[in-house]
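A.B. asks: Per full-length UniProt numbering, the sequence shown runs over residues 1 to 262.
Below is a structure I'd like to ask you about.
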Amino acid sequence: MIAMGENLGAEMVTRSFYHMMAYADINVKRTVPLGLALLAVSNPMNVGVIDALSKMSHDPDGEVATASITSLGLVAGGTNNSRVATSLRSLATYYSKEPGLLFAVRLAQGLTHAGKGLVTFSPYHPDRTVCHPVVLAGIVSLMHILLDFDSLVLGKHHYLLFVLACTIRPRMLVTLDEDLKPLPVSVRVGVAVDTVGQAGRPKTITGFQTHTTPVLLAAGERAELATDDALDEGKKTKKPGGKDDPISPSQIGRITKPLSHW
Numbered sequence: 001m002i003a004m005g006e007n008l009g010a011e012m013v014t015r016s017f018y019h020m021m022a023y024a025d026i027n028v029k030r031t032v033p034l035g036l037a038l039l040a041v042s043n044p045m046n047v048g049v050i051d052a053l054s055k056m057s058h059d060p061d062g063e064v065a066t067a068s069i070t071s072l073g074l075v076a077g078g079t080n081n082s083r084v085a086t087s088l089r090s091l092a093t094y095y096s097k098e099p100g101l102l103f104a105v106r107l108a109q110g111l112t113h114a115g116k117g118l119v120t121f122s123p124y125h126p127d128r129t130v131c132h133p134v135v136l137a138g139i140v141s142l143m144h145i146l147l148d149f150d151s152l153v154l155g156k157h158h159y160l161l162f163v164l165a166c167t168i169r170p171r172m173l174v175t176l177d178e179d180l181k182p183l184p185v186s187v188r189v190g191v192a193v194d195t196v197g198q199a200g201r202p203k204t205i206t207g208f209q210t211h212t213t214p215v216l217l218a219a220g221e222r223a224e225l226a227t228d229d230a231l232d233e234g235k236k237t238k239k240p241g242g243k244d245d246p247i248s249p250s251q252i253g254r255i256t257k258p259l260s261h262w
């Protein structure tokens, strides 16, 4: 949980998890897949984690395999990631005669294709600047449930999986006018750049592409206005008395606030 908010810490913890998988006892190994998933929730761009989970999904120990399969679903949650989807289809064939593991595969497939690719389970805003405490609480609760998958989920307490309901958020950027109607605006979408401590006005995104809202934001991406047209339309607002009053920067920012941020 401490390292999941920034890339360098996540890489260091991932390396520690690999060491645990190689040298720790079986009880620790059963928790490693869930720890890896916690570092990359709805972030399938982390190819190393997906490869490690794919290997562990064929582990001789059933609990390690179950945790790895459900972790694959969390890592690709709401993204329709083709690589994970292909892996899960092959796992469904591989475990076709084992009901418990097959249920885990179906659960992971449901997470991967949740919302037809329009939602996310990540507790962080796409550029990792804002954390949603409710979503984080739901993810941590799910991790505790998955630690005892056989007794809880495959037993009489399968309804505990509904804790996922509080973690699902839309990941699209929608711009609205003053009447809350869709307002098409050109935005640049690219990889977020950490500008903390840099002098001047450094670029906040790199490798951007220009799109018209609404757009989808993947993990690690950030959007900024391509033109100032949207700001020009909303520089002034009418008071009930008839006087004009300039809109504050915070009010202007509401135009470009993602739907998941409200």
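The beta-carbon is built from N, C-alpha and C at its ideal position, and this holds for glycine as well.
So the beta strand (DSSP E) alanine 40 belongs to, where does it begin and stop?
C.D. replies: Premise fails: alanine 40 is in no beta strand (DSSP E) and is neither H nor E.
A.B. asks: So is proline 240 buried or exposed if we call it buried at 16+ other beta carbons inside 10 Å?
C.D. replies: Confidence at proline 240 is low in this model, with a pLDDT of 47, below 50, so the placement of that residue should be treated as unreliable; the coordinate-derived value is given next. Taking all protein chains shown into account, proline 240 has fewer than 16 neighbouring C-beta atoms within 10 Å of its C-beta and is therefore exposed.
A.B. asks: Enumerate in chain order the residues of its own chain whose CB-to-CB distance from methionine 12 is below 8 angstroms, with the five nearest sequence positions on each side excluded.
C.D. replies: These residues qualify, in order along the chain: Ala3.
A.B. asks: Quick test of the definition: if touching needs 3 or more C-beta pairs under 8 angstroms, does the stretch 139-158 touch the stretch 85-95?
C.D. replies: no
A.B. asks: Under 8 angstroms by Cβ, that's how I've got glycine 190 and cysteine 166 pegged, so tell me the actual separation to the nearest angstrom.
C.D. replies: Between glycine 190 and cysteine 166 a beta carbon distance of about 30 angstroms is seen, past the 8 angstroms cut, so the two are scored as non-contacting.
A.B. asks: Any contact between the stretch 58-67 and the stretch 121-138? By contact I mean 3 or more CB pairs, one from each, below 8 angstroms.
C.D. replies: no
A.B. asks: Determine the closest residue to valine 140 out of Leu39, Leu8 and Ala22, with distance taken between C-alpha atoms.
C.D. replies: Leu39
A.B. asks: By the three-class DSSP mapping on this structure, what secondary structure does threonine 120 have?
C.D. replies: strand
A.B. asks: Under three-state DSSP, which class holds methionine 4?
C.D. replies: coil
A.B. asks: Count the other CB atoms within 10 Å of the CB of glutamine 109; is the residue buried (16 or more) or exposed (fewer)?
C.D. replies: Buried, by the Cβ-count rule.
A.B. asks: Mind checking which residues open and close the alpha helix (DSSP H) that includes isoleucine 205?
C.D. replies: That residue, isoleucine 205, is in no alpha helix (DSSP H); its beta strand (DSSP E) goes 205-212.
A.B. asks: If you follow the beta strand (DSSP E) that leucine 142 is in, where does it begin and where does it stop?
C.D. replies: Not the beta strand (DSSP E): leucine 142 falls in the alpha helix (DSSP H), residues 133-146.
A.B. asks: Buried or exposed: residue 263, going by 16 or more other Cβ atoms within 10 Å of its Cβ?
C.D. replies: Residue 263 cannot be examined here, being either before or after the span of the chain that is shown, 1 to 262.
A.B. asks: The beta strand (DSSP E) spanning leucine 225 covers which residue range?
C.D. replies: 221-225
A.B. asks: By how many angstroms is the C-alpha of valine 193 removed from the C-alpha of threonine 237?
C.D. replies: Note that threonine 237 scores 43 on pLDDT, short of 50, meaning its location in the model is unreliable and no value can be drawn from it.
A.B. asks: With DSSP run on the structure shown, which of helix, strand or coil describes valine 130?
C.D. replies: coil
A.B. asks: If we count the other Cβ atoms within 10 Å of its Cβ and call it buried at 16 or more, is threonine 210 buried or exposed?
C.D. replies: exposed
A.B. asks: Apart from the five residues just before and just after methionine 1, which ones in its own chain have a Cβ nearer than 8 angstroms to its Cβ?
C.D. replies: Leu38, Leu136 and Val140
A.B. asks: Mind checking who leucine 216 pairs with in its DSSP beta bridge?
C.D. replies: Leucine 216 is bridged by DSSP to Met172.
A.B. asks: Provide the residue(s) that pair with proline 182 in DSSP beta bridges, ordered along the chain.
C.D. replies: Leu176
A.B. asks: Straight-line CA distance for aspartate 202 to arginine 188?
C.D. replies: For the sequence presented, residue 202 should be read as proline rather than aspartate. Straight-line Cα distance between these residues: approximately 15 angstroms.
A.B. asks: Assign threonine 237 to one of three DSSP states: helix, strand, or coil.
C.D. replies: Confidence in threonine 237 is poor, its pLDDT being 43 and thus under 50, which makes the residue's placement too unreliable to answer from.
A.B. asks: Once DSSP output is grouped into helix, strand and coil, what is the label at glycine 197?
C.D. replies: coil
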